[in-house]
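The sequence shown maps to residues 2 to 194 in the numbering used here.
Glycine included, C-beta positions come from ideal geometry on N, C-alpha and C.
Since the model is a prediction, treat every value here as computed from it, not as a measurement.
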Amino acid sequence: MVGNDVVDLADAEVRNSPVHPRFDLRVFSALERQALQGRASPDRLRWILWAAKEAAYKLRKQSDPSTLFSPSRFEVSLDDTQRGAVEHEGERLRVEVTVVGDLVHAVATLSESASEIVTGVEASERPNASRAVRTLIVRNLAQRLGLPESALRVLRSGRIPRLEVVGRNCSLDLSLSHHGRYVAFACDLGDTA
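Structural data, given as structure tokens:
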């Protein structure tokens with residue numbers, strides 16, 4: 002299982018919007034708020050933490066569809082390389098965050114996961130971000146798996162996306178994300194790698 006989230010730091014929603022005074026109190030744990038308050042400019046860290054929380058939530062939702070997104074209950078701890086963990090209801094999930102320019106991409110996996118995780122992120126000019134991320138997934142994974150693009154389909158079971166390999170009794174755990182100019186995915190290849 003895998004979860005991911007992407008944040009476009011240059012998006013007007015992030016860049017130009019002042020944070021409501023109660024936002025940090027509602028979204029972040031006491032330790033996270035302390036880390037934010039220790040920064041001269043906390044905005045970048047705020048969205049790094051947010052992306053990690055969203056990625057962990059998407060991962061938890063795959064294993065327990067009744068999981069609710071209560072951001073302050075997903076507590077993030079990262080080291081200087083943006084790797085670490087998200088604690089949620091006694092479960093520790095592994096998270097890695099990549100920050101390149103104005104792009105933040107977080108990927109959450111189960112701590113004990115030994116599966117190969119494939120990720121992809123790109124800027125997209127397409128008006129339909131949902132279609133753009135599906136195109137990115139199919140293009141990247143068809144090449145990675147040595148299959149024609151027509152052999153892969155993105156399906157949903159409830160609100161949980163899966164990647165089906167047509168003609169095989171196989172579907173893969175998948176997480177989709179888009180924000181601003183960016184679309185992103187993470188896919189757990191399981192034993193298909």
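What are the complete beta strand (DSSP E) segments, minimum 3 residues, inside the region 110 to 165? With a minimum length of 3 residues, the continuous beta strand (DSSP E) runs that stay inside the region 110 to 165 are 118 to 124, 153 to 158.
Taking the straight line between their C-alpha atoms, what separation do you get for E117 and A11? Numbered from 1 along the sequence shown, position 116 holds the residue referred to as residue 117. Numbered from 1 along the sequence shown, position 10 holds the residue referred to as residue 11. Cα to Cα, the separation comes out at about 31 Å.
Just to confirm, are Y58 and G121 a CB contact at a threshold of 8 Å? By 1-based counting over the sequence shown, the position of residue 58 is 57. By 1-based counting over the sequence shown, the position of residue 121 is 120. Cβ distance not < 8 Å, so Y58 and G121 don't count as in contact.
Which stretch, first to last residue, makes up the alpha helix (DSSP H) that contains E33? To locate residue 33, count along the sequence shown from 1; it is residue 32. That run of the alpha helix (DSSP H) goes 31 to 38.
Ordered list of beta strand (DSSP E) runs contained in the region 85 to 113, each at least 3 residues: List check, beta strand (DSSP E) in window: 92 to 101, 104 to 111.
My guess is that V15 and V8 are in contact by the Cβ rule of under 8 Å, so how many angstroms apart are they, rounded? Counting from one through the sequence shown, the residue named residue 15 turns up at place 14. Counting from one through the sequence shown, the residue named residue 8 turns up at place 7. Indeed they touch by this definition, with Cβ atoms about 7 Å apart.
Let me know if V90 comes out buried or exposed under the rule of 16 or more other beta-carbons within 10 Å of its beta-carbon. Within the sequence shown, numbered from 1, the residue matching residue 90 stands at position 89. Checking the sequence, you will find Glu at residue 90 rather than Val. E90 should be labelled exposed.
Tell me which residues share the same chain as I161 and place their Cβ nearer than 6 Å to its Cβ, disregarding the 5 neighbours each side in the sequence. For the purposes of this step, residue 161 is identified with residue 160 of the sequence shown, where counting begins at 1. Answer for I161: Q63, listed in chain order.
Which of helix, strand or coil DSSP assigns to V8: Looking up residue 8 in the sequence shown gives position 7. Strand, per DSSP.
Looking only at its chain, what residues have a beta carbon closer than 8 Å to the beta carbon of C188, apart from the 5 residues adjacent to it on each side? As a position in the sequence shown, residue 188 is number 187, starting the count at 1. Here the set comprises V3, I118, V119, T120, I138, L142, L164, L173, D174, L175, S176.
Tell me which residue opens and which closes the alpha helix (DSSP H) that F24 is part of. Taking the first residue of the sequence shown as 1, we reach residue 24 at position 23. Segment 24 to 28, the alpha helix (DSSP H) holding F24.
First and last residue of the beta strand (DSSP E) that includes V77? Taking the sequence shown and counting its residues from 1, one reaches residue 77 at position 76. Start and end: 76 to 79.
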